[in-house]
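S.K.: After the structure tokens below, expect a handful of questions from me.
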Amino acid sequence: MAIISEKDLQPIYDVIVVGSGAGGGQSAYTLTMNGVKVLMLEAGRNYDPVTETPMFQIPSQMPLRGMSTRQKPFGFADATVDGGWEVPNEPYTQASEDPKTHFKWWRPRMLGGRTNHWGRISLRNGPYDFKPYSRDGLGFDWPISYEDVAPYYDKVEMLVGVYGSNEGLENTPDSPNGTLLPAPKARAGELFVKKHIAKHGLPVIPIHRAVLSTRQDHVNFPPRLHPGNPKAQKILAKAMQERAACFWATDCGRGCAIKANYQSTTVHLPPALATGNLDILCNAHAREVTLGADGKANGVIYIDKATGQERAVKARAVILAASSGETARIMLNSKSSRFPDGIANGSGLVGKYIMDTVGGRLGGSVPAFENLPVHNEEGAGNHVYIPWWLYKEAGKLGFARGYHIEFGTGRRMPGMGTGGASPGYGKSYKEEVRQKYGAGIGFSGRGEMIPNKDSFCEIDPTTKDKWGIPVLRFHWKWSDHELKQAQHMEQTFHMIIETIGGKPAKMSKTKEEAIEAPGSIIHEVGGALMGADRAKSVTNQWNQCWEVPNLLLNDGSAFCSNADKNPTLTIMALAWRASDHLIEEMRKGNL
Amino acid sequence: MEKPSSESPNRIDRRAALKWMGAVVAAAAVTDKLLGAPKDPGAKPIEGAGRLIGTDPVLNKTYSPGELWSLTLTPAQRVAAIALIDLILPPDNPATDKLASQLGVQDFIDEWISAPYENCAADKPVIVSGLDWIDAEAGRRFQKKFAELDEAQKCQIADDICGKTPVKKEFKAQQQFFGRFRSLAAGGYYTTPQGMKDVGYVGNVPSVDFAGPTPEALKHLGLA
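If you're matching them up, the sequences are chains Z and U in order.
Residue numbers for the first sequence follow numbering that gives the first Met the number 0, so the first one is 0 and each next one is one higher.
Residue numbers for the second sequence follow numbering that gives the first Met the number 0, so the first one is 0 and each next one is one higher.
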């Protein structure tokens, strides 16, 4: 089995996995390592980071010095293929003309999905994050607790490789000894911020990122991850040996040809393919999940993008991991006499309570950083961050939930912004460019959004994509919790920049201006909530749809809250947990 | 130079304020690059105006100006652009460094103003008419083309429009030209290997460990 073309499809699989990113990759990995025969459908093209990643290319080798365009929004060298907030031939619509209600929907169309370009920030949800309703009466509790998920966080961290440290801070979980890889050293500017803001109670600590700071322990990790499964251990040991440690030079967002960072295409899929149990079909755009007479999911209808033809494939169970928006769309488009409003949507909750992360930002310049003695500050993206530090103040802030702070400093690869704004010309101009280079600082907040009934997606009654598939229509509304939180972020960044003697950029005039546009942060989750009550949720705690238990939702769609912690690590942990449970249920004959 | 103190950040003079604004713009670029999503969705293509970079370009190759879309500058405009680029970005060590024009910065500027994207297209009339003007102005003042002037003569024109000292009303359009041209020239230059070395960027080089800040850097920041 391998990356196949349509003629090689088997008549029936144990499981079809729709999507190849964090959720799909983890599901396929867990299932195939345990002998389950899987077909993975990917809407985009095949993609190989080992041969396609422009590791050391500099802007002068790229068109327009790598400028960001609508078709490559993160710049020319970004790993994303055929993706962005606008995808050709695949529209989506907004319910209202009011821009404040618009949701920007990011979609990649490539093997590995958005794992190829993501920030690799891998923070665990803490105990509070699974029980937000119990703490402040807002949103929903998860039907699981931190203790249920912790063993899977351990496993995912060992499998994908995460650098970081244990700091013992509130609701910021430690990992068991030996699980994390060593944190890289902080950069000069990061240490400077740490020193000067300690008096304000803001901790600057090593961030957790899915990057190999050292090579993985290929001797001890495989038996811990796959006890009693020598074949899986052997395959994983080999896969781990094929990954090199980070060489601290290039932008993770381009992808990683040496497999030092996690992307599904370099970490999940190679060992899954090596089991011989995985077929991957690319350019296969899933349209709907089909339902058997017994009320179970029995396959998927997809569009072969090369020919535009509609095809059907069969399986004993189906996992949707197409991204929360696309998963909701597939479910809502899967209509039958039993489920006229979409498969497993008797509750009417599919598409409801969609969330993004609350984003805020402020930059500035710091005189102290000027003329810093030249040294290599490239490293590997973020090395440190500031976790939410005001849990004790929750009732006094005017907004309910917290945020963490990511920030960047240093003498990083020059781009079109370098030197452009200094006055004059000639020697004195160049002198000033040198002085100012690396003297900038940028802060971003990443905060928790509380799910609300006004933020949802549904099927647009008229608009269809190129293949005739009805598209999503979005509704969005921030609550005051999110708006005030974004304003608090800006005020905090302003305070930090002034504290380090810097000059902050201009602040927003209103809280509506302070918050980044919905969908900007690309932490789209929700739309098929997990819950303890089948009348009030779409899936149970095992990501199984209540009404169709052999249909699992293993991406972010089952999230019923969106903690400030970036969602990918939790998506992977829950996908592993759900896949383990699926295997058990299949063995028992319960599905 | 003027440094605002953290106690009274508003007490900076206008010149310092302008400098800071520039640095803040650069800082915003750092923010975009390092921290999550870009604020702007990216340059908007102009449909039908030429071949776009597209959604799936080959990334592992070196692109040359003129490869994706045809270029704009006339031979005379190119000659003027070369002279202005080398005036703005003179080599620190003429014996060892190449001129910015020898690194093809004018080709990049031509690529930029010729590109089928809205922000690039907005620069095109500014740059083209500015280059025509600078030759005409050289003719008016010295009866020569701009490139044929000696250094002092070139500076006489550049000083009037570069914005370092107050710019006369009649040169406001030329000031806008000079600012955009300098911005494009600097972006073009500092993204070349020589430009990176010039500004003090020493990354993009593999190493076994991330060494972190040097003792000198820590001392500079009062951290050692």
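The beta carbon of each residue, even a glycine, is placed where N, CA and C say it ideally should be.
Given the structure is predicted, the values throughout are model-derived calculations rather than measurements.
Taking its Cβ as the centre, do 16 or more other Cβ atoms sit within 10 Å of D7 (chain Z), making it buried, or is it exposed?
M.R.: By one-based count along the first sequence, residue 7 (chain Z) stands at place 8. Result: exposed.
S.K.: Going along the chain, which residues of its own chain have a beta-carbon closer than 6 Å to the beta-carbon of G345 (chain Z), five neighbours each way excluded?
M.R.: Locating residue 345 (chain Z) in the first sequence gives position 346, where the first residue counts as 1. Only E546 meet the Cβ criterion.
S.K.: So what's E457 (chain Z) in DSSP terms, helix, strand or just coil?
M.R.: What you label residue 457 (chain Z) is simply residue 458 of the first sequence in a count that begins at 1. E457 (chain Z) falls in the strand class under three-state DSSP.
S.K.: Just grab the DSSP bridge partners of R445 (chain Z) for me.
M.R.: Within the first sequence, numbered from 1, the residue matching residue 445 (chain Z) stands at position 446. For R445 (chain Z), which the question treats as bridged, DSSP gives the partners Z:G358, Z:H403.
S.K.: How many Å lie between D39 (chain U) and Q155 (chain U) at the Cα?
M.R.: Indexing the second sequence from 1 puts residue 39 (chain U) at position 40. Indexing the second sequence from 1 puts residue 155 (chain U) at position 156. Cα to Cα, the separation comes out at about 38 Å.
S.K.: Taking 8 Å as the threshold (C-beta atoms), are S164 (chain Z) and P205 (chain Z) in contact?
M.R.: For this step, residue 205 (chain Z) is matched to residue 206 along the first sequence. For this step, residue 164 (chain Z) is matched to residue 165 along the first sequence. Yes, they are a contact pair.
S.K.: Using CA coordinates, which residue listed in Z:N542, Z:K36, Z:P90, Z:I11 is at the minimum distance from A320 (chain Z)?
M.R.: Within the first sequence, numbered from 1, the residue matching residue 320 (chain Z) stands at position 321. For A320 (chain Z), the nearest C-alpha among the options comes from Z:N542.
S.K.: Around the C-beta of G138 (chain U), are 16 or more other C-beta atoms found within 10 angstroms, so that it is buried, or is it exposed?
M.R.: Taking the second sequence and counting its residues from 1, one reaches residue 138 (chain U) at position 139. Exposed, by the Cβ-count rule.
S.K.: Any beta carbon of chain Z sitting closer than 8 Å to that of S113 (chain U)?
M.R.: For the purposes of this step, residue 113 (chain U) is taken as residue 114 along the second sequence, with counting starting at 1. Judged by the 8 Å Cβ criterion, S113 (chain U) is not in contact with chain Z.
S.K.: Short of 8 Å in beta carbon distance, which residues of its chain neighbour R337 (chain Z), apart from the five on each side in sequence? Order them along the chain.
M.R.: Here residue 337 (chain Z) corresponds to residue number 338 of the first sequence, with the count starting at 1. For R337 (chain Z), where only same-chain residues beyond five positions count, the Cβ hits under 8 Å are L290, G294.
S.K.: Could you check which residue in Z:A27, Z:K435, Z:H382 has the C-alpha nearest to that of L371 (chain Z)?
M.R.: Your numbering for residue 371 (chain Z) matches position 372 in the first sequence. Checking every option, the nearest Cα to that of L371 (chain Z) belongs to Z:K435.
S.K.: Please compile the residues from chain Z whose C-beta is within a distance smaller than 7 Å of the C-beta of I52 (chain U).
M.R.: As a position in the second sequence, residue 52 (chain U) is number 53, starting the count at 1. Neighbours of I52 (chain U) on chain Z, chain order: P62, T68, Q70, K71, F75.
S.K.: Counting only beta-carbon atoms, is T417 (chain Z) nearer than 8 Å to chain U?
M.R.: Start at 1 with the first residue of the first sequence, and residue 417 (chain Z) comes out as number 418. Chain U, which has a Cβ nearer than 8 Å to the Cβ of T417 (chain Z), makes this yes.
S.K.: Considering only residues of the same chain and omitting the five flanking positions on each side of E405 (chain Z), which have a CB-CB separation below 6 Å?
M.R.: As a working mapping, residue 405 (chain Z) is identified with position 406 in the first sequence. Contacts found: N381, Y384, S443.
S.K.: For A26 (chain U), collect the residues of the same chain with a Cβ closer than 8 Å to its Cβ; drop the 5 residues on either side in sequence, then sort them by chain order.
M.R.: For the purposes of this step, residue 26 (chain U) is identified with residue 27 of the second sequence, where counting begins at 1. Model confidence at A26 (chain U) stands at a pLDDT of 45, short of 50, so the residue's coordinates are unreliable and nothing is read from them.
S.K.: Determine, using beta carbons only, whether T326 (chain Z) and L551 (chain Z) come nearer to each other than 8 Å.
M.R.: As a working mapping, residue 326 (chain Z) is identified with position 327 in the first sequence. As a working mapping, residue 551 (chain Z) is identified with position 552 in the first sequence. In this structure, L551 (chain Z) does not lie closer than 8 Å to T326 (chain Z) by Cβ.
S.K.: CA-CA distance, L389 (chain Z) and G401 (chain Z)?
M.R.: Start at 1 with the first residue of the first sequence, and residue 389 (chain Z) comes out as number 390. Start at 1 with the first residue of the first sequence, and residue 401 (chain Z) comes out as number 402. Roughly 7 Å between the two C-alpha positions.
S.K.: Can you confirm whether R140 (chain U), when its beta carbon is compared against all beta carbons of chain Z, has any partner nearer than 8 Å?
M.R.: Translated into the one-based positions of the second sequence, residue 140 (chain U) becomes position 141. By this cut-off, R140 (chain U) is not an interface position.
S.K.: Note down, in chain order, each residue of its chain lying with its Cβ closer than 6 Å to the Cβ of F473 (chain Z), except the 5 sequence neighbours on either side.
M.R.: The residue you call residue 473 (chain Z) lines up with position 474 of the first sequence. The answer, listed in chain order, is Q93, F102, C456.
S.K.: Hey, A399 (chain Z) and L137 (chain Z) are a contact pair by Cβ (cut 8 Å); roughly how many whole angstroms apart?
M.R.: Walking along the first sequence from the start, residue 399 (chain Z) turns up at place 400. Walking along the first sequence from the start, residue 137 (chain Z) turns up at place 138. A399 (chain Z) to L137 (chain Z), Cβ: 5 Å. Contact.
S.K.: CA-CA distance, Q9 (chain Z) and G43 (chain Z)?
M.R.: For the purposes of this step, residue 9 (chain Z) is taken as the residue at position 10 of the first sequence. For the purposes of this step, residue 43 (chain Z) is taken as the residue at position 44 of the first sequence. In a straight line, the C-alpha of Q9 (chain Z) is about 21 Å away from that of G43 (chain Z).
S.K.: Could one say the Cβ of G186 (chain U) lies closer than 8 Å to chain Z's Cβ atoms, at least one of them?
M.R.: By 1-based counting over the second sequence, the position of residue 186 (chain U) is 187. Yes, its Cβ sits closer than 8 Å to a Cβ of chain Z.
S.K.: Using 8 Å as the Cβ pair cut-off and three pairs as the minimum, do the region 186-203 of chain Z and the region 491-504 of chain Z touch?
M.R.: Enough Cβ pairs lie closer than 8 Å, so yes.
S.K.: Find the nearest neighbour of L272 (chain Z) within the set Z:N228, Z:Q25, Z:G525, Z:R576, judged by alpha-carbon distance.
M.R.: Translated into positions along the first sequence, residue 272 (chain Z) becomes position 273. It is Z:Q25.
S.K.: Which whole runs of the alpha helix (DSSP H) in the region 43-124 of chain Z are 4 residues long or more, in chain order?
M.R.: DSSP runs (the alpha helix (DSSP H)) wholly in the region 43-124 of chain Z: 48-51.
S.K.: For P270 (chain U), count neighbouring Cβ atoms within 10 angstroms of its own Cβ and tell me buried if that reaches 16, exposed if not.
M.R.: The requested residue 270 (chain U) is not part of the displayed model; chain U covers only 0 to 223.
S.K.: Expressed to the nearest angstrom, what Euclidean distance is found between the alpha-carbon atoms of E89 (chain Z) and E241 (chain Z)?
M.R.: For the purposes of this step, residue 89 (chain Z) is taken as residue 90 along the first sequence, with counting starting at 1. For the purposes of this step, residue 241 (chain Z) is taken as residue 242 along the first sequence, with counting starting at 1. The straight-line gap from Cα to Cα measures roughly 37 Å.
S.K.: Listed in chain order, which residues of the region 73-97 of chain U have Cβ atoms closer than 8 Å to some Cβ of chain Z?
M.R.: Against chain Z - using a Cβ distance shorter than 8 Å - the residues of the region 73-97 of chain U are L86, I87, L88, P89, D91.
S.K.: Can you tell me the Cα-Cα spacing of P183 (chain Z) and S212 (chain Z), whole angstroms?
M.R.: Translated into positions along the first sequence, residue 183 (chain Z) becomes position 184. Translated into positions along the first sequence, residue 212 (chain Z) becomes position 213. So the alpha carbons of these two residues sit roughly 7 Å apart.
S.K.: Excluding five sequence neighbours on each side, which residues of the same chain lie with their C-beta closer than 6 Å to the C-beta of T50 (chain Z)?
M.R.: Position 51 of the first sequence, counted from the first residue, corresponds to residue 50 (chain Z). No residues qualify anywhere along the chain.
S.K.: Please tell me whether G254 (chain Z) and P48 (chain Z) are closer than 8 Å, where the distance is taken between their beta carbons.
M.R.: Sequence index remark: in the first sequence, residue 254 (chain Z) carries index 255 (1-based). Sequence index remark: in the first sequence, residue 48 (chain Z) carries index 49 (1-based). Their beta carbons are under 8 Å apart, which means G254 (chain Z) touches P48 (chain Z) by this criterion.
S.K.: Is there a Cβ from chain Z that is less than 8 Å from the Cβ of D254 (chain U)?
M.R.: Missing from the structure shown is residue 254 (chain U); chain U here goes from 0 to 223 and no further.
S.K.: How should D13 (chain Z) be labelled, buried or exposed, when 16 other C-beta atoms within 10 angstroms of its C-beta is the threshold for buried?
M.R.: Position 14 of the first sequence, counted from the first residue, corresponds to residue 13 (chain Z). D13 (chain Z) should be labelled buried.
S.K.: Go through its chain and collect everything with a Cβ distance to R328 (chain Z)'s Cβ below 7 Å, but skip five positions before and after it.
M.R.: Within the first sequence, the letter at position 329 stands for residue 328 (chain Z). Here the set comprises L471.
S.K.: Residues in the same chain with beta-carbon distance under 6 Å from C161 (chain U), minus the five sequence neighbours each way, listed in chain order, please.
M.R.: Counting from one through the second sequence, the residue named residue 161 (chain U) turns up at place 162. These residues qualify, in order along the chain: F177.
S.K.: Helix, strand or coil for A80 (chain U)? Go by DSSP, reduced to three states.
M.R.: Counting from 1 along the second sequence, the entry for residue 80 (chain U) is found at position 81. If DSSP states are grouped into helix, strand and coil, A80 (chain U) belongs with the helices.
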